[in-house]
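Participant:
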Amino acid sequence: MSPEPAALTPDALTRVQIPVEGMTCAACQVRVQRALTRVPGVADASVNLLAHQASVRFDASRVRPEELVAAIQRTGYDARLEPPVVDLVAEQEARDRADAIEYQHLRRKAIASGTAGAVAMIASMPLMAPPLDAPVHGHALPPITDPLMRWVMTTVHPALSEMAPWLYAVDRRLLSWALLLLTAAVMAWAGRQFYVRAWRSGRHGGADMNTLVAVGTGAAFVYSLVATAAPGIFVSRGLAPDVYFEAVILIIALILTGRAFEARAKRRTSGALRALVGLQPRTARVVRDGVEQDVAIEDVVTGDLVRVRPGERLPVDGRVEAGTSSLDESMLTGESLPVYKAAGDAVIGGTVNGTGAIVYRATTLGASSVLSRIVRLMRDAQASRAPIQDLADRISAVFVPVVIGIALVTLLVWWLFGGDGAIVRGFAAAVTVLIIACPCAMGLAVPTAVMVATGKGAELGVLIKGGDALQRTAELTTVAFDKTGTLTEGRPVVTHARWADDVEVGDALALGAAVERASEHPLAAAVIAYASEQGARATPVASDFQATAGRGAQARVDGRDVLVGSARFLADSGIDPVAVGADADAWAQQGASVIFVAVDGVAVGALGVSDPIKPGAADVVRRLRDLGLHVVLLSGDTPSTARAIGLAAGIDDVVGGVLPDGKVAEIRRRQGAGAVVAMVGDGINDGPALAQADIGIAMGTGTDIAMAASDVTLVRGDVSGVPQVIDLARRTLATMRQNLFWAFVYNVVGIPIAAGVLYPSTGLLLSPIIASAAMAFSSVSVVSNSLRLRQARIV
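Residue numbering for the sequence shown follows the numbering used here, starting at 138 and increasing by one per position.
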């Protein structure tokens with residue numbers, strides 16, 4: 138026996154995306170997925186019916202991608218390995234073209250077969266006359282029980298007989314043979330895919346939607362062929378030699394129409410991806426050897442200087458070398474305000490330059506660019522599955538064989554207990570059961586919602602790693618925030634200052650900044666920046682620098698002894714900080730770190746350095762509470778500082794002084810108590826907590842390690858995306874449940890009606906035509922319901 142997939146560690150796994158052609162329903166999806174998961178070395182597989190794609194994680198030391206393709210092909214579906222991706226944007230454009238071709242192909246066949254169906258319906262009118270309850274060959278024919286046929290015979294038939302009496306003069310057998318040839322042509326051209334794919338599935342021991350369509354329309358065609366070629370077989374047994382040619386054509390037309398609507402809807406669900414792809418220009422203006430030239434985007438190389446004029450879109454990622462401007466990054470980050478850029482700042486390909494002109498050096502290109510990575514993340518997310526899909530998959534795995542069994546039982550019951558003409562009505566009912574039960578809607582219920590939601594998230598500046606992450610986000614009960622860089626700006630600034638009365642502030646700041654310039658302490662940059670903002674003189678050079686870990690530093694500056702550090706550091710040096718430290722305790726209560734400055738043995742000033750809370754952080758906490766969530770602050774900072782930030786943000790549950798392993802332990806403790814926890818962080822130290830949490834939410838401005846460990850990335854680094862993604866996830870999960878409910882209800886209600894359970898009490902039977910229309914409508918309604926997420930108002 139091969140080891141369980143769980144034995145594989147994530148680090149040992151490789152992911153591959155495999156296009157799969159020929160899938161049309163949930164049963165197809167389940168067969169491919171089961172075949173893949175049974176391959177030794179495969180950790181998990183997700184098959185997306187809407188995207189026609191399988192996403193597989195596997196151990197490359199045990200199985201090759203070619204073996205995965207072979208496993209798919211053994212199920213009767215077409216699969217292939219795509220060449221290595223060099224440019225994801227170009228690849229996405231190729232996929233969009235293929236989707237457009239697929240839609241046009243289906244649309245053309247649907248229109249042609251629909252037109253042929255209308256012609257066949259008209260040509261069939263004389264074959265339905267005289268009325269079905271009149272004697273033919275001495276036998277009374279059964280009454281009209283189908284509402285569509287009743288309307289045709291009571292409304293359309295009289296009008297047509299007056300408008301085209303010549304049609305009724307045509308020999309009935311000639312009409313039957315003409316309809317047979319027309320139907321065969323439509324089946325061979327427009328409906329060929331159903332029969333070919335049903336045959337392939339049957340050869341490999343499977344059954345899917347194509348099986349139901351092929352069996353249903355094939356049975357109707359064979360029945361009609363016998364009635365046309367040898368009507369005496371029916372007449373001798375008291376049966377009408379009815380033909381169902383128009384039904385066969387219209388069933389094919391309606392199913393193709395439904396699939397064309399699905400294809401068009403699929404293009405709409407991928408709208409966010411196409412919008413992202415459309416951001417990248419196809420040419421770039423580069424400066425080489427002092428000469429400016431336009432080159433194709435694929436000819437740009439790392440290190441090229443790229444010039445961008447006002448209003449132009451940046452072609453590639455890079456770092457500004459010269460010029461200043463403000464860039465519109467809203468399509469990538471969801472942030473509407475332009476972002477100021479100057480020399481040294483990173484810029485992203487696809488963003489729009491403002492009013493300034495800049496020259497920047499190209500850095501990451503092709504598949505490594507920010508835009509391509511976002512496209513890859515979105516594609517992976519849309520190919521993933523949500524756990525809620527499992528129920529539909531389990532039902533779909535046995536659905537088609539069960540439906541075929543129900544159709545056979547329907548025919549048998551009608552034959553035994555239906556009375557006069559029962560075999561005709563039983564045959565029509567069996568065909569109707571096969572057609573109305575196609576499980577397309579079940580296969581589309583979850584993937585369409587995931588695709589639309591991930592696209593909507595991208596518009597909001599939120600990248601979601603897939604259906605599993607979406608569902609778990611919707612089930613959250615607790616949100617834990619890191620402090621630094623998440624709720625706070627992550628850039629300490631001087632927020633308070635107090636100086637001795639007889640001190641020249643500018644000189645004192647210059648001396649203190651000189652010591653801090655030689656220091657590596659995180660707060661040193663804040664003091665240096667504050668000195669510059671206050672107009673202090675140019676920072677002199679420090680000598681004899683000495684630092685005491687956790688206390689402060691001292692040095693000789695302009696011939697004077699300068700100390701910068703904590704009150705304890707000054708006290709240990711015999712300096713009393715009381716003269717300037719009257720407000721120190723109050724500052725500390727507000728979350729500030731207090732730094733004293735002493736010159737020649739005398740305390741001359743005190744500075745309060747804080748990491749200011751982000752604007753809107755308190756509003757985010759309030760919105761999370763409105764969503765019914767418990768909010769926690771986990772910080773490695775001192776408990777007093779953490780409590781101060783928690784108070785400012787409106788968070789009561791604050792845990793301070795916890796190292797990375799402490800954050801993990803705290804999350805585990807809450808999970809053990811039944812909480813479903815999200816962790817929001819941005820630093821390397823947040824990686825373990827992000828991985829431990831049920832959902833890890835990383836700030837896009839944070840480290841790559843944090844984002845790799847997360848399930849959700851907030852591209853613009855704004856915590857306002859946290860309530861947005863939770864609200865979106867809840868709406869998406871509700872949409873998935875609605876889709877699955879109506880898909881199941883459709884079959885639960887539709888199959889018995891198609892079988893004829895209402896006939897004894899109401900005399901109602903459905904025609905195969907109505908069944909095919911209902912089946913197509915069910916798929917379109919599921920997709921349309923998912924598309925409503927695009928217009929949802931997210932908190």
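C-beta atoms are modelled at their ideal positions from N, C-alpha and C, and glycine is treated no differently.
Bear in mind the structure is a predicted one, so any value in this text is a computation, not a measurement.
Please go through the same chain and pick out, in chain order, the residues whose beta-carbon is closer than 6 Å to the beta-carbon of Gly178, but skip the five residues on each side of it.
Facilitator: Counting from 1 along the sequence shown, the entry for residue 178 is found at position 41. The residues are Phe195, Asp196, Arg199 and Val200.
Participant: So who's on the other strand from Gln158, going by DSSP bridges?
Facilitator: Here residue 158 refers to the residue found at position 21 when the sequence shown is read from its first residue. Checking the displayed sequence, the identity of residue 158 turns out to be Glu instead of Gln. Paired residues: Asp215.
Participant: What did DSSP end up calling Thr151 once you bin it into helix, strand or coil?
Facilitator: Looking up residue 151 in the sequence shown gives position 14. Correct three-state label for Thr151: strand.
Participant: Would you check if the stretch 659–678 and the stretch 633–648 touch, i.e. whether three or more CB-CB distances between them fall below 8 Å?
Facilitator: With the cut-off at 8 Å, the stretch 633–648 and the stretch 659–678 touch.
Participant: In the DSSP assignment, what are the bridge partners of Ala182?
Facilitator: As a first step, residue 182 is located in the sequence shown; it is residue number 45 there, counting from the start. Val193.
Participant: For Ala606 and Val736, what's the separation of their Cα atoms in angstroms?
Facilitator: Along the sequence shown, read from residue 1 onward, the residue named residue 606 stands at position 469. Along the sequence shown, read from residue 1 onward, the residue named residue 736 stands at position 599. One C-alpha to the other measures close to 56 Å.
Participant: To the nearest angstrom, report how far apart Leu319 and Gly555 are at their CA atoms.
Facilitator: Within the sequence shown, the letter at position 182 stands for residue 319. Within the sequence shown, the letter at position 418 stands for residue 555. Their Cα atoms are separated by approximately 32 Å.
Participant: Quick one: what does DSSP say Ser747 is sitting in, helix, strand or coil?
Facilitator: As a position in the sequence shown, residue 747 is number 610, starting the count at 1. Ser747 falls in the strand class under three-state DSSP.
Participant: Let me know the secondary structure DSSP gives Leu926 once reduced to three states.
Facilitator: Taking the first residue of the sequence shown as 1, we reach residue 926 at position 789. Helix.
Participant: From what residue to what residue does the alpha helix (DSSP H) around Gln526 run?
Facilitator: Indexing the sequence shown from 1 puts residue 526 at position 389. Counting along the chain, the alpha helix (DSSP H) containing Gln526 begins and ends at Gln526 to Phe554.
Participant: Give me, in chain order, the residues of the same chain whose beta-carbon lies closer than 6 Å to that of Val385; leave out the 5 immediate sequence neighbours on both sides.
Facilitator: The residue labelled residue 385 in the question sits at position 248 within the sequence shown. Contacts found: Thr320, Thr354, Ala357 and Phe358.
Participant: Out of curiosity, what's the CA-to-CA distance linking Phe733 and Asp864?
Facilitator: For the purposes of this step, residue 733 is identified with residue 596 of the sequence shown, where counting begins at 1. For the purposes of this step, residue 864 is identified with residue 727 of the sequence shown, where counting begins at 1. If you take the alpha carbons of Phe733 and Asp864, they lie about 46 Å apart.
Participant: Going by Cα to Cα distance, which pick from Leu393, Arg450, Val428 and Glu399 is closest to Thr420?
Facilitator: Along the sequence shown, read from residue 1 onward, the residue named residue 420 stands at position 283. When only C-alpha atoms are compared, the closest one is Arg450.
Participant: Please classify Met816 as buried or exposed, where buried requires at least 16 neighbouring CB atoms within 10 angstroms.
Facilitator: Stepping through the sequence shown from its first residue, residue 816 is reached at position 679. Buried is the call here.
Participant: Assuming Asp848 and Lys602 form a contact by the criterion Cβ under 8 Å, report the distance between their Cβ atoms to the nearest whole angstrom.
Facilitator: Mapped onto the sequence shown, residue 848 falls at position 711. Mapped onto the sequence shown, residue 602 falls at position 465. 5 Å between Cβ atoms; contact.
Participant: According to DSSP, which residues form a beta bridge with Ala429?
Facilitator: Taking the first residue of the sequence shown as 1, we reach residue 429 at position 292. The residue you asked about is not Ala; residue 429 is Glu in the sequence shown. For Glu429, which the question treats as bridged, DSSP gives the partners Val424.
Participant: On the three-state DSSP scale, how would you describe Val813?
Facilitator: Within the sequence shown, residue 813 is the residue found at index 676, counting from 1. Reduced to three states, the DSSP call for Val813 is coil.
Participant: Measure the alpha-carbon distance for Val801 versus Leu766 and round it to whole angstroms.
Facilitator: Translated into positions along the sequence shown, residue 801 becomes position 664. Translated into positions along the sequence shown, residue 766 becomes position 629. Looking at the two C-alpha atoms, the distance is approximately 20 Å.
Participant: Would you report the Cα separation of Trp336 and Leu548, rounded to the nearest angstrom?
Facilitator: Position 199 of the sequence shown, counting from 1, holds the residue named residue 336. Position 411 of the sequence shown, counting from 1, holds the residue named residue 548. Going from the Cα of Trp336 to the Cα of Leu548 covers about 23 Å.
Participant: Looking at C-alpha atoms only, which residue of Ala908, Ala891 and Ile906 is the closest neighbour of Gly900?
Facilitator: Indexing the sequence shown from 1 puts residue 900 at position 763. For the residues Ala908, Ala891 and Ile906, the minimum Cα distance to Gly900 belongs to Ala891.
Participant: Give me whichever residues DSSP pairs with Ala684 in a beta bridge.
Facilitator: What you label residue 684 is simply residue 547 of the sequence shown in a count that begins at 1. Looking at the DSSP assignment, Ala684 forms a beta bridge with Ala690.
Participant: For Asp82, write down the residues that DSSP places opposite it in a beta bridge.
Facilitator: Residue 82 falls outside the range modelled here, since the chain spans only 138 to 932, and no answer is possible.
Participant: Measuring alpha carbon to alpha carbon, tell me which of Ala663, Arg396, Asp855 and Ala723 ends up nearest Gly622.
Facilitator: As a working mapping, residue 622 is identified with position 485 in the sequence shown. Checked all of Ala663, Arg396, Asp855 and Ala723; the closest Cα to Gly622 is Asp855.
Participant: Does the stretch 483–496 touch the stretch 564–583, meaning 3 or more C-beta pairs lie closer than 8 Å?
Facilitator: Taking 8 Å as the limit for Cβ pairs, the verdict is that the stretch 483–496 does not touch the stretch 564–583.
Participant: Output the boundary residues of the beta strand (DSSP E) element that contains Leu851.
Facilitator: To locate residue 851, count along the sequence shown from 1; it is residue 714. From DSSP, the beta strand (DSSP E) with Leu851 extends over Val849 to Leu851.
Participant: Assess, as a yes-or-no matter, whether the stretch 385–401 is touched by the stretch 229–248 under the definition of 3 or more beta carbon pairs within less than 8 Å.
Facilitator: Counting Cβ pairs under 8 Å, three or more are found: they touch.
Participant: Roughly how far, in whole angstroms, is the beta-carbon of Gly773 from the beta-carbon of Val757, given that I think they are within contact range, below 8 Å?
Facilitator: The residue labelled residue 773 in the question sits at position 636 within the sequence shown. The residue labelled residue 757 in the question sits at position 620 within the sequence shown. Actually they do not touch by this definition, with Cβ atoms about 21 Å apart.
Participant: How should Ser462 be labelled, buried or exposed, when 16 other C-beta atoms within 10 angstroms of its C-beta is the threshold for buried?
Facilitator: The residue labelled residue 462 in the question sits at position 325 within the sequence shown. By the neighbour-count rule (16 or more Cβ atoms within 10 Å), Ser462 is buried.
Participant: List the endpoints of the continuous beta strand (DSSP E) containing Arg444.
Facilitator: By one-based count along the sequence shown, residue 444 stands at place 307. From DSSP, the beta strand (DSSP E) with Arg444 extends over Leu442 to Val445.
Participant: Could you check what DSSP says for Ala255 in three-state terms: helix, strand or coil?
Facilitator: Counting from one through the sequence shown, the residue named residue 255 turns up at place 118. Note: Ala255 maps to helix in three-state DSSP.
Participant: For Ser916 versus Gly395, is the C-beta spacing smaller than 8 Å?
Facilitator: As a position in the sequence shown, residue 916 is number 779, starting the count at 1. As a position in the sequence shown, residue 395 is number 258, starting the count at 1. Yes.
Participant: On the DSSP bridge assignment, give the partners of Asp495 in chain order.
Facilitator: The residue you call residue 495 lines up with position 358 of the sequence shown. Per the sequence shown, the amino acid found at residue 495 is Ile instead of Asp. Looking at the DSSP assignment, Ile495 forms a beta bridge with Val445.
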